[in-house]
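Those letters in the sequence shown? Residues -4 to 323, by the numbering used here.
Even for Gly, the Cβ is constructed at its ideal location relative to N, Cα and C.
Values in this document were obtained by computation on a predicted structure and should not be read as measured data.
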Amino acid sequence: MQRRPRRNRRTAITRGFLKETQLSTSNLVQPFFLADGTKVKDEVKSMPGNFRMSIDVAVEEMRSCIELGIRSFILFPAVDESLKDKRATYGSSANNFYLKAFEVFKSEFGDTVNLITDVAMDPYSSDGHDGLVEGDEILNDETLPILGDMALAQAKAGADIIGPSDMMDGRVEYIRSVLDTNGFEHVGIMSYTAKYASAFYGPFRDALDSAPKKGDKKTYQMDPANKREALLEAELDFSEGADYMMVKPALPYLDIIHVLKENYDIPIAAYNVSGECSMLTAACQNGWLEFEKAMPEMLLSIKRAGADVIITYFAKEYAQMLKDGKLQ
Ligand code: PBG
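Encoded structure:
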């Protein structure tokens, strides 16, 4: 007897019958870059097909995503330089257009959408860092109350899930307690648990104009060489009350997604970041890769590694391909 694995690959029906991993639109999260004003639709140069949108434009874009079955969105603010300061004050200020956006989306779509926030100082900070800067240092404990205020303002605006992307120690516990003492026990926390100091965030920093003015983020984001440290971060986030644990970026860190999935019983999220998407887009624009084949393969690999949910700039395009019957 010869074992012949090819028997199980012989026809399309058999291959579909035996498919181990399925990726549906309900697992995907579409990021939006929001800007102040009206009728703004400004393409991000290093992210073709992605736009900084004012709220009115974003409402219509959200509607078209919903029609394709995308229900989860993560929102980021592109803030005018003149509104930035050392303490990221605008992040929790009452007239912040970003907070207004949650109110508008929720009044328009209610609980048919799942809205995830971004908690970190960098979009609002004149230093371009995720925490408070003093000299060459990024202060940890002094940053927590600022993150807490930001999270509370987002919960009040109607957010479903708070997304701390800052990597300060102890911030999940801090935010959880601020939410709970203010009557927001039902609002979740998707923690950026294993967020690496990665070169793949470049295009995102262009989108928000949020690159650090000085230094880098290596004293708070993780070293790409480390895997066991991700388990330590996970242990802390789990015990501090995170509802989801995220790995970021996704593709160069599939082993990290896998190890967290094996060790923890809460949902694992993966962030297929800007640089991962832009390098694929660039190769496709050059005719070096075929988008409709390479993009779904990339997303599927992230799911196969163990991600329950995937944040990706390709969410809408994937949903469109599914609708068009191109993903059999
Ligand atoms: C910062 C933040 C970053 C991203 C999400 N939140 C960049 C950074 O840490 O500098 C990157 C997302 C992407 O590249 O798509 N708080």
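Residue i CB to nearest heavy atom of the ligand PBG below 7 Å
i      : result
Val39  : no
Val268 : yes
Tyr196 : yes
Lys212 : yes
Ser88  : no
Ser160 : yes
Phe28  : no
Ala310 : no
Phe199 : yes
Ala265 : no
Asp113 : yes
Asp106 : no
Asp125 : yes
Asp80  : no
Asp164 : no
Inter-residue Cα distance where the pair is residue i and residue j
i      : j       : result
Thr176 : Lys288  : 48 Å
Asp37  : Asp250  : 36 Å
Val268 : Asp161  : 15 Å
Ala30  : Tyr93   : 8 Å
Glu285 : Asp136  : 47 Å
Lys95  : Asn3    : 53 Å
Met316 : Tyr215  : 38 Å
Ser19  : Tyr259  : 23 Å
Ser87  : Ala300  : 36 Å
Asp319 : Val52   : 25 Å
Gly178 : Ile141  : 19 Å
Ile329 : Ser205  : No answer is possible for residue 329: it lies beyond the span of the chain, which begins at -4 and ends at 323.
Asp155 : Arg(-1) : 49 Å
Tyr187 : Met241  : 5 Å
Terminal residues of the beta strand (DSSP E) in which residue i lies
i      : result
Glu132 : Glu132 to Leu134
Gln25  : Leu23 to Leu29
Ile170 : Ile170 -> not in any beta strand (DSSP E); alpha helix (DSSP H) instead, spanning Arg166 to Thr176.
Val304 : Val304 to Thr307
Val52  : Unbroken run through Val52 is the alpha helix (DSSP H), Ile50 to Glu62; no beta strand (DSSP E).
Tyr239 : Tyr239 to Lys243
Lys190 : Gly183 to Lys190
Ile111 : Asn109 to Ile111
Reference residue i, options the options, closest by Cα
i      : options                           : result
Ala310 : Asp131, Asn45, Arg1 and Val35     : Asn45
Met293 : Ile305, Glu76 and Ser59           : Ile305
Asn109 : Gln(-3), Phe195 and Val24         : Val24
Asp117 : Phe104, Ala148 and Lys79          : Lys79
Ser296 : Glu230, Tyr248 and Phe71          : Tyr248
Val74  : Thr276, Arg58, Ala83 and Lys243   : Ala83
Pro291 : Gly282, Ala277 and Cys272         : Cys272
Lys243 : Ser205, Gly236, Glu55 and Ala192  : Ala192
Phe100 : Thr16, Gly153, Ile252 and Tyr169  : Gly153
Phe28  : Glu312, Tyr308 and Ala314         : Tyr308
Asp218 : Pro198, Arg200, Glu230 and Ala189 : Ala189
Unbroken alpha helix (DSSP H) run spanning residue i, endpoints
i      : result
Ile141 : Leu139 to Ala152
Phe199 : Gly197 to Leu203
Met316 : Ala310 to Lys318
Val99  : Phe92 to Phe104
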